[in-house]
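**Q** Residue numbers (our numbering), protein chains in the order written: chain A, 1 to 412; chain B, 1 to 247. In this text, a Cβ means the ideal position worked out from N, Cα and C, and glycines have one as well. For clarity, every value in this text was computed on a predicted model and none was experimentally measured.
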Ligand SMILES: Nc1ncnc2c1ncn2[C@@H]1O[C@H](COP(=O)(O)OP(=O)(O)OP(=O)(O)O)[C@@H](O)[C@H]1O
Ligand SMILES: [Mg+2]
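#1: Applying the criterion that 16 or more other CB atoms from any shown protein chain within 10 Å of the CB defines a buried residue, is residue 97 of chain B buried or exposed?
#2: Below 8 angstroms between beta carbons: does that hold for residue 128 of chain A and residue 138 of chain A?
#3: Give a yes or no on whether the minimum CB-CB distance between residue 326 of chain A and chain B is below 8 angstroms.
#4: Compute the Euclidean distance between the alpha carbons of residue 15 of chain B and residue 78 of chain B, then round it to the nearest angstrom.
#5: How long is the line joining the alpha carbons of residue 14 of chain A and residue 54 of chain A, rounded to whole angstroms?
#6: Please confirm if residue 129 of chain B has its CB atom under 8 angstroms from at least one CB of chain A.
#7: Give me the residue from A/229, A/175 and A/177 with the minimum Cα distance to residue 88 of chain A.
#8: Starting from residue 169 of chain B, follow the beta strand (DSSP E) in both directions and report where the run begins and ends.
#9: Going by beta carbon distance, what residues of the same chain come within less than 7 angstroms of residue 81 of chain B, once the five residues before and after it are set aside?
#10: Go ahead and pull the three-state DSSP assignment for residue 85 of chain A.
#11: Exposed or buried, which one is residue 271 of chain A when buried takes at least 16 other CB atoms within 10 Å?
#12: Can you tell me the Cα-Cα spacing of residue 35 of chain B and residue 71 of chain B, whole angstroms?
#13: Name the residues in the stretch 106-137 of chain B whose C-beta lies less than 8 angstroms from a C-beta of chain A; which are they?
#14: Counting only Cβ pairs nearer than 9 angstroms, list the residues of chain B close to residue 339 of chain A.
#15: Could you pull out every unbroken alpha helix (DSSP H) segment of at least 4 residues lying fully inside the stretch 118-185 of chain A, listed in chain order?
#16: By the criterion of Cβ-Cβ separation under 8 angstroms, what are the contact partners of residue 85 of chain B in chain A?
#17: Would DSSP call residue 90 of chain B helix, strand or coil?
#18: Under 8 angstroms: do the stretch 396-406 of chain A and the stretch 29-47 of chain B share three or more Cβ pairs, one atom per stretch?
#19: With respect to 7 angstroms, is the separation between the Cβ of residue 59 of chain B and the closest non-hydrogen atom of ligand 2 below this value?
#20: The beta strand (DSSP E) spanning residue 232 of chain A covers which residue range?
#21: Assuming contact is defined by CB atoms lying nearer than 8 angstroms, are residue 322 of chain A and residue 54 of chain B in contact in what I supplied?
#22: Can you pull the chain A neighbours of residue 58 of chain B, defined as C-beta to C-beta under 9 angstroms?
#23: Is it buried or exposed for residue 50 of chain B, if we count other Cβ within 10 angstroms and need 16 for buried?
#24: Please tell me whether residue 99 of chain B has its Cβ less than 8 angstroms away from any Cβ of chain A.
#25: Kindly list the residues whose CB is nearer than 8 angstroms to the CB of residue 199 of chain A, restricted to its own chain and excluding five residues on each side of it in sequence; keep chain order.
#26: Considering residue 271 of chain A, what are the terminal residues of the beta strand (DSSP E) in which it resides?
#27: Name the residue from A/131, A/175, A/151 and A/259 whose alpha carbon lies nearest to the alpha carbon of residue 219 of chain A.
#28: On the DSSP bridge assignment, give the partners of residue 218 of chain B in chain order.
#29: Would you please verify whether the beta carbon of residue 385 of chain A is less than 8 angstroms from any beta carbon of chain B?
#30: Comparing C-alpha positions only, which one of B/63, B/126, B/68 and B/129 sits nearest to residue 3 of chain B?
#31: Tell me residue 30 of chain B's beta-bridge partners as DSSP assigns them.
#32: For the alpha helix (DSSP H) that contains residue 98 of chain A, what are its first and last residues?
#33: Mind checking whether the beta-carbon of residue 48 of chain B lies closer than 7 angstroms to any heavy atom of ligand 1?
#34: From residue 276 of chain A to residue 64 of chain A, what does the alpha carbon distance come to, in whole angstroms?
#35: Taking a Cβ distance cut-off of 8 angstroms, strictly less, list which residues of the stretch 67-81 of chain B are near chain A, in chain order.
#36: Which residue wins for smallest C-alpha separation from residue 175 of chain B, given the options B/26, B/219 and B/149?
Here it is, written out as structure tokens:
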């Protein structure tokens with residue numbers, strides 16, 4: 001059980017693999033596929049996560065959202081049969097006004113979304129995201145006006161029919177350009193186009209192409225947006241920390257709602273970390289699925305390993321007898337065959353890793369996701385395939401170790 | 001403790017096969033001293049190989065005592081038997097039993113691997129043993145690149161390399177032609193002259209004639225045990241029927 005017998009075991013395993021390529025291929029196939037699948041997924045998810053995180057960062061570290069309840073908390077339990085917003089009052093325009101007056105708060109944009117069709121003459125675009133926002137939404141958002149301007153606070157007060165279009169929507173409704181000053185019909189109501197606004201490039205922007213921004217008051221009054229579900233997009237005043245702003249908003253809402261110190265908040269403040277942890281929880285679920293998939297792959301591969309090792313033990317029964325006659329102890333035979341099966345599975349794992357690297361390269365080349373296999377995953381896959389080698393090699397190796405030397409020498 | 005190398009008393013071996021019990025050895029008493037050269041003969045099925053397996057610690061007796069080099073062997077555990085095989089016994093088989101994928105040198109190194117000898121010393125001793133069987137120029141040949149006689153010489157080098165107390169050879173010339181058999185016998189003579197104890201099983205009276213002592217087994221017991229004046233090497237090849245009358 002020393003270095004020499006280890007090296008010898010690896011050598012024997014490599015020889016055995018070389019001398020029967022088809023069998024070796026079939027043996028390692030399960031492990032190759034398992035490792036390749038999992039590593040490719042790990043690479044894709046890691047790349048996707050990096051991209052999403054970058055975009056979440058772009059929201060701005062000082063901004064946060066006030067909401068009726070925290071939708072980023074994924075609940076697996078049903079909260080004792082109650083809806084999570086039960087007993088939590090909706091946020092109102094009055095609340096927004098009150099919060100905006102706080103020194104630590106720069107702006108509070110009201111936010112309320114609804115979906116619907118937008119038309120311009122004979123052209124129609126269905127399922128457009130209609131975003132009800134007070135005029136200061138641009139403080140929270142990152143982007144620029146390509147044409148025209150934003151609407152004004154006065155439009156909020158009057159619930160005017162004014163709209164800002166996304167570049168894609170403007171292009172579809174007005175292919176020949178010049179959307180500003182023209183009129184569109186949103187859910188059948190006539191609106192004046194004030195501007196075309198391009199969000200700073202990010203994954204959410206590219207995922208959602210057709211959207212239109214209108215005053216939140218108008219969205220509620222004319223477009224059936226539900227006042228009960230209004231959120232606040234809060235921007236912290238310069239010179240104040242986000243923490244201070246959140247504390248002040250919390251205190252103001254609590255006192256406005258008459259909450260006693262022992263009572264919990266009946267509203268939620270969500271910062272970008274919440275989105276990050278939501279995303280992490282989602283990817284966590286993915287990783288669990290991956291671990292399950294890879295375990296299945298390794299088990300399937302492992303059955304192949306048991307098969308090839310049993311054949312190897314049978315074919316080499318006489319050799320085992322000779323080794324025992326020359327003084328090999330049972331443990332040394334066991335070790336030799338374990339080394340052999342671990343060699344087989346680790347080679348399978350390495351091939352799987354190579355396949356995954358190629359696939360990750362393909363993903364990087366053909367999608368915006370920069371898929372790179374994380375270092376821990378390389379380590380884990382080699383460990384897992386080596387572990388499979390030990391687990392599945394144990395039975396055949398033990399069989400070899402227990403062979404009676406006389407019987408083994410007489411074999412064939 | 002006895003000064004004899006091998007001391008066997010009432011050795012028995014039974015094989016249970018379903019309802020039937022085969023009594024391969026039925027009480028063998030034998031003492032073999034250091035530097036004896038013993039041939040074991042007897043009809044097929046008389047228990048020669050069974051006896052060799054017990055002497056070589058590959059198997060354990062059903063009953064009886066066996067003291068090897070002062071150590072009582074019967075009842076030892078597997079790992080202890082493995083250690084004794086490694087240190088005390090050098091096996092030579094009828095079918096050579098070399099590892100086909102390994103070179104001559106690697107084959108001869110193998111017992112030293114299990115003895116825990118370091119790499120450099122191992123290579124040196126293995127090369128030395130191959131030199132002693134006149135194969136110094138075949139170190140890197142694999143078994144399929146060697147003749148039958150050369151293979152058996154590699155096997156003998158492998159048996160010698162640990163400097164064992166005994167060489168046990170079960171029909172060492174059984175797969176060789178008479179010329180090559182003589183070569184192997186000449187080698188055994190030399191080893192014996194250097195002080196090696198040799199026990200070999202053979203069917204062939206010509207081969208047995210090389211030994212100092214011939215033990216005849218019949219139905220699992222010793223039928224005769226006699227010393228003889230051995231024939232000089234090379235003579236038998238010319239006169240095959242000689243010395244037979246003695247046995
Ligand atoms: N593993 C075994 N199981 C059952 N019977 C066995 C076993 N090994 C040997 N025998 C029996 O024991 C007896 C002695 O066998 P052994 O191999 O010692 O004979 P032998 O003298 O070496 O014969 P040969 O000259 O043919 O090699 C035989 O009857 C054989 O069938
Ligand atoms: Mg026999």
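**A** To lay it out plainly:
#1: Flag for residue 97 of chain B reads buried.
#2: No; because the gap between Cβ atoms is not below 8 angstroms, this pair is not in contact.
#3: Yes, residue 326 of chain A counts as interfacial toward chain B.
#4: Near 19 angstroms, if we compare the C-alpha coordinates of residue 78 of chain B and residue 15 of chain B.
#5: Just so you know, the alpha carbons of residue 14 of chain A and residue 54 of chain A end up roughly 45 angstroms apart.
#6: Chain A, which has no Cβ nearer than 8 angstroms to the Cβ of residue 129 of chain B, makes this no.
#7: Among A/229, A/175 and A/177, the Cα nearest to that of residue 88 of chain A is on A/229.
#8: In this chain, the beta strand (DSSP E) harbouring residue 169 of chain B covers 166-170.
#9: Excluding sequence neighbours, residue 81 of chain B sits near 57.
#10: Note: residue 85 of chain A maps to coil in three-state DSSP.
#11: Around the CB of residue 271 of chain A, 16 or more other CB atoms lie within 10 Å, so the residue is classed as buried.
#12: The alpha-carbon atoms of residue 35 of chain B and residue 71 of chain B are separated by roughly 18 angstroms.
#13: Taking a C-beta cut-off of 8 angstroms against chain A, the contacting residues of the stretch 106-137 of chain B are 110, 111, 113, 114, 115, 116 and 119, listed in chain order.
#14: None at all; the shortest Cβ gap to chain B is about 14 angstroms.
#15: As summarised for the stretch 118-185 of chain A, the continuous alpha helix (DSSP H) elements at least 4 residues long and confined to that stretch are 137-140, 153-158 and 167-173, given in chain order.
#16: What residue 85 of chain B touches in chain A: 324, 325, 326 and 327.
#17: In this structure, residue 90 of chain B counts as strand in the three-state DSSP scheme.
#18: They do not touch, by the three-pair rule.
#19: Checking the 7 angstroms criterion, the Cβ of residue 59 of chain B is out of range of every heavy atom belonging to ligand 2.
#20: In the DSSP assignment, residue 232 of chain A falls within the unbroken beta strand (DSSP E) covering 231-236.
#21: Judged by their CB atoms, residue 322 of chain A and residue 54 of chain B are not nearer to each other than the 8 angstroms cut-off.
#22: 321, 324, 325, 404, 405, 406 and 409, listed in chain order.
#23: Sixteen is the threshold: when 16 or more other Cβ atoms of the shown chains lie within 10 Å of the Cβ of residue 50 of chain B, as they do, the residue is buried.
#24: Chain A, which has a Cβ nearer than 8 angstroms to the Cβ of residue 99 of chain B, makes this yes.
#25: Cβ neighbours of residue 199 of chain A within its own chain (closer than 8 angstroms, five residues either side excluded): 141, 142, 143, 166 and 205.
#26: Counting along the chain, the beta strand (DSSP E) containing residue 271 of chain A begins and ends at 268-271.
#27: Nearest option by C-alpha distance: A/131.
#28: In DSSP, residue 218 of chain B forms a bridge with B/221.
#29: Output row for residue 385 of chain A: interface = no.
#30: Nearest C-alpha to residue 3 of chain B among B/63, B/126, B/68 and B/129: B/68.
#31: Its beta-bridge partners are B/8.
#32: Element bounds for residue 98 of chain A: 93-100.
#33: Yes, the Cβ of residue 48 of chain B comes within 7 angstroms of a heavy atom of ligand 1.
#34: The alpha-carbon separation between residue 276 of chain A and residue 64 of chain A amounts to approximately 13 angstroms.
#35: Within the stretch 67-81 of chain B, the qualifying residues are 78 and 79.
#36: Closest by alpha carbon: B/149.
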